[in-house]
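Accompanying notes for the structure given below.
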Amino acid sequence: MIATVTDPSQDGVGIAGPQVGLKRRIVAVMRYDKPGMPLEIYPNLHIEYLSDEKQCGPEGCLSIPDISGNVIRSQKIIIRYTDPETIETVRDTVEGYTAVIFQHEADHLDGILFTDKVVNTGPGQ
């Protein structure tokens, strides 16, 4: 998973287990909200809360190269996952672009692609 996201020929910021053949509820996400933007692993990821405040922005996907579209996502979310070191359940509040990444990757875990959520944002689109 990590090799796929960090491959310099790719433009990835996250990946879900099913994208690389893992039948596990696990994602890797670039934490743009943390210093150094670390790539972190989140086993057993679930989104517990989605804010009513939304943002619309362009998304793409490593699974569907060369395709992008605007998707509406919550600005703020609460995630639950299993800490890989302590094996304890952790909850974390995430906002902004990092929240978008988590929502995109969680969708993969549920069999949803961003193309299922693309919205028209202007005339002629």
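Going by our numbering, the sequence shown opens with residue 31, and the numbers climb by one from there. Virtual Cβ for every residue (Gly too), placed ideally from N, Cα, C. In this text the structure is predicted, and so the values were computed from the model without any measurement.
Report task. With L156 as the anchor, note down where its alpha helix (DSSP H) starts and where it stops. Result -> Here the chain has residues from 31 to 155 only, and residue 156 is not among them.
Query raised in the report: V57 lies in the beta strand (DSSP E); which residues open and close that run?
Result: Looking at the DSSP string, the run of the beta strand (DSSP E) that includes V57 is I56 to M60.
Report task. In angstroms with no decimal places, state the Cα-to-Cα distance between V43 and M60. Result -> Within the model, the alpha-carbon separation for V43 versus M60 is close to 5 Å.
Requested in this report: Please go through the same chain and pick out, in chain order, the residues whose beta-carbon is closer than 7 Å to the beta-carbon of V124, but skip the five residues on each side of it.
Outcome: Within the same chain, V124 has close Cβ partners D63, I107, I109 and F132.
**Report entry** Segments of 3+ residues assigned as beta strand (DSSP E) that fall wholly inside the region 44–117
**Finding:** Runs of the beta strand (DSSP E) inside the region 44–117: 44–46, 56–60, 69–73, 76–80, 84–91, 94–104 and 106–112.
Requested in this report: Express the C-alpha separation of T119 and Q155 in angstroms, rounding to a whole number.
Outcome: With a pLDDT of 49 at Q155, under the threshold of 50, the modelled position of that residue is not reliable, and the figure given next carries that caveat. Rounded to whole angstroms, the separation of the alpha carbons of T119 and Q155 is 43 Å.
Requested in this report: From the DSSP output, read off the bridge partner residues of D122.
Outcome: Beta-bridge partners of D122 (DSSP): I109.
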